[in-house]
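Take a look at the structure set out below.
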Amino acid sequence: MAAPRSCGLWRYCCRGWSRAAGDCRLPGFHRSWPGATPSARLLSQEKRAAETHFGFETVSEEEKGGKVYQVFESVARKYDVMNDMMSLGIHRAWKDLLIRKMHPLPGTQLLDVAGGTGDIAFRFLSYVQAQHQRKQRRQLRTQQNLSWEEIAKKYQNEEDPLGGSLVTVCDINREMLKVGKQKALDQGHTAGLAWVLGDAEELPFDDNQFDVYTIAFGIRNVTHIDRALQEAHRVLKPGGRFLCLEFSQVNDPLISRLYDLYSFQVIPVIGEVIAGDWKSYQYLVESIRKFPNQEEFKEMIEDAGFQKVTFENLTTGIVAIHSGFKL
Amino acid sequence: MLSATCRRLVPALRGPRTPSAVAGRYLLAPGVRSFADQSDRAEEPRTFHPALLRFLVCPLSKKPLRYEASTNELINEELGIAYPIIDGIPNMIPQAARTIRQNKKQEEVEQH
Numbered sequence: 076m077a078a079p080r081s082c083g084l085w086r087y088c089c090r091g092w093s094r095a096a097g098d099c100r101l102p103g104f105h106r107s108w109p110g111a112t113p114s115a116r117l118l119s120q121e122k123r124a125a126e127t128h129f130g131f132e133t134v135s136e137e138e139k140g141g142k143v144y145q146v147f148e149s150v151a152r153k154y155d156v157m158n159d160m161m162s163l164g165i166h167r168a169w170k171d172l173l174i175r176k177m178h179p180l181p182g183t184q185l186l187d188v189a190g191g192t193g194d195i196a197f198r199f200l201s202y203v204q205a206q207h208q209r210k211q212r213r214q215l216r217t218q219q220n221l222s223w224e225e226i227a228k229k230y231q232n233e234e235d236p237l238g239g240s241l242v243t244v245c246d247i248n249r250e251m252l253k254v255g256k257q258k259a260l261d262q263g264h265t266a267g268l269a270w271v272l273g274d275a276e277e278l279p280f281d282d283n284q285f286d287v288y289t290i291a292f293g294i295r296n297v298t299h300i301d302r303a304l305q306e307a308h309r310v311l312k313p314g315g316r317f318l319c320l321e322f323s324q325v326n327d328p329l330i331s332r333l334y335d336l337y338s339f340q341v342i343p344v345i346g347e348v349i350a351g352d353w354k355s356y357q358y359l360v361e362s363i364r365k366f367p368n369q370e371e372f373k374e375m376i377e378d379a380g381f382q383k384v385t386f387e388n389l390t391t392g393i394v395a396i397h398s399g400f401k402l
Numbered sequence: 751m752l753s754a755t756c757r758r759l760v761p762a763l764r765g766p767r768t769p770s771a772v773a774g775r776y777l778l779a780p781g782v783r784s785f786a787d788q789s790d791r792a793e794e795p796r797t798f799h800p801a802l803l804r805f806l807v808c809p810l811s812k813k814p815l816r817y818e819a820s821t822n823e824l825i826n827e828e829l830g831i832a833y834p835i836i837d838g839i840p841n842m843i844p845q846a847a848r849t850i851r852q853n854k855k856q857e858e859v860e861q862h
């Protein structure tokens, strides 16, 4: 009896908390109120039913989280197949571009939020490994006249092929994480990977911990985007980089028309045929249209405290990579 | 005869010294040793990545957490809540956390 009640209480507390914080728009809100107890948070709860959008539907903020969870729970198993089908495999190129833009060196600490299926994480690990090998090769070339002792020593010291890099994958959806963990086993990625179930709006990480924060095709599903951006800013080290890959607005009128036709007429059909789930894919398409355009999103990132914010359109703006620094 | 005993000894010595690569990684970390033994046998490591303890905090108070090996939970003493670790993934959603009662009497009162 006590357990469900306390559960409900927690839900009540945090919703009020995140809403209050969102309204305040203070970057260091948590810090400015360190002694906040659950009871204090209860007081901050407002009786206002804030509304947000779930695709083209208008729902209360409380509802949105649950609905998004259902969508991704439902699509998790077919996520990769569907991504390939819907984007004709282009999503792989977009993700590769994100990593190339990041250009992580061995030792980079990455937080990949909403990265349940590990697409960014595995690419990151492969890239870092390749960088490390290249570095070793370069070192060898400069040391041509090694004594046999030095050569033997080189073989004895088994170096970490990642140079201390760690990618932490944080996703709110258990099903997506399950799929990702299984994929990691299948692809043989064991080192340098950590999985955490967590909320982008309330990250369970200490301040100033990561060199890079990525969120790929995830931020439009977050209820309070401003809150997620503030959290990204908090967990990044000074000098750390925020990188976001997300669907954006197509500017070319002709391509926009074709894209709309494809999105609304074809994608839900593919969703129904492949995954047996029309509604989830209709939501995905609608949520893309509801997401702020390149310039608006750039401003939101700046509002969260990031500097040198830029964006780059990929495939005529179907997706965009936004980048910002915590300086 | 000496060589025969040596031959018998070698695999016995090698056995525990060369666990799988995955388990080896966890063995380096203090505090999770008992779980590393289990993960040696299991195909998938049951425990979470030890490096997480360095920067994982309570999402509500943003304070460090204590790992409790007996219950496999991450505990926030101040707020009295415990975050479960399921299949090696710490569940850091406050709604999923368990509240711990410091006072047993209080618990009895609530149950009745």
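Listed in order, the protein sequences are those of chains A and B.
Numbering of the first sequence is given in my numbering, commencing with residue 76 and proceeding in unit increments.
Numbering of the second sequence is given in my numbering, commencing with residue 751 and proceeding in unit increments.
Quick reminder that beta carbons are idealized off the backbone N, C-alpha and C, glycines included.
| Item | Value |
| --- | --- |
| Along chain B, which residues have their Cβ under 8 Å away from the Cβ of Leu163 (chain A)? | Residues of chain B passing the Cβ test: none, with the nearest at roughly 32 Å. |
| Determine, using beta carbons only, whether Met842 (chain B) comes closer than 8 Å to chain A. | yes |
| For Phe366 (chain A), does the three-state DSSP call read helix, strand or coil? | coil |
| Given this structure, state the Cα-to-Cα distance separating Trp353 (chain A) from Val297 (chain A), to the nearest angstrom. | 21 Å |
| Is Glu306 (chain A) near Ala275 (chain A), with beta carbons less than 8 Å apart? | yes |
| My output table needs one value for Thr243 (chain A): the three-state DSSP class, helix, strand or coil. | strand |
| Specify, as a first and last residue, the run of the beta strand (DSSP E) that Asn388 (chain A) falls within. | Gln382 to Leu389 |
| Determine whether the Cβ of Ala801 (chain B) lies closer than 8 Å to any Cβ atom of chain A. | yes |
| Counting only the same chain and skipping the five closest in sequence on each side, list residues whose C-beta sits under 6 Å from that of Asp327 (chain A). | Thr391 |
| Looking at the structure shown, is Gln184 (chain A) part of a helix, part of a strand, or coil, going by DSSP? | strand |
| Would you mind telling me which residues of chain B sit closer than 9 Å to Leu304 (chain A), beta carbon to beta carbon, in chain order? | Near Leu304 (chain A) there are no residues of chain B at all, since even the closest Cβ is about 16 Å away, more than 9 Å. |
| Any Cβ of chain B within less than 8 Å of the Cβ of Pro367 (chain A)? | no |
| In whole angstroms, what is the alpha-carbon distance linking Lys139 (chain A) and Thr127 (chain A)? | 7 Å |
| So is Ile839 (chain B) in contact with chain A if we call contact Cβ pairs under 8 Å? | yes |
| How many whole angstroms separate the CB atoms of Asp301 (chain A) and Asp246 (chain A), which I take to be in contact at a CB cut-off of 8 Å? | The Cβ separation is near 20 Å, so there is no contact. |
| Is the shortest distance between the beta-carbon of Lys401 (chain A) and the beta-carbons of chain B less than 8 Å? | no |
| Looking only at its chain, what residues have a beta carbon closer than 6 Å to the beta carbon of Val143 (chain A), apart from the 5 residues adjacent to it on each side? | Asn296 |
| For the beta strand (DSSP E) that contains Lys312 (chain A), what are its first and last residues? | Leu311 to Phe322 |
| Counting along the chain, where does the alpha helix (DSSP H) carrying His207 (chain A) start and finish? | Asp194 to Thr217 |
| Could you tell me whether the Cβ of Ile330 (chain A) comes closer than 8 Å to any Cβ of chain B? | no |
| Beta-carbon within less than 7 Å of Thr192 (chain A)'s beta-carbon, same chain only, minus the 5 sequence neighbours each way: which residues are those? | Tyr154, Asp155, Met251, Val254, Gly255 and Lys258 |
| Of all the CB atoms in chain B, is at least one closer than 8 Å to the CB of Asp274 (chain A)? | yes |
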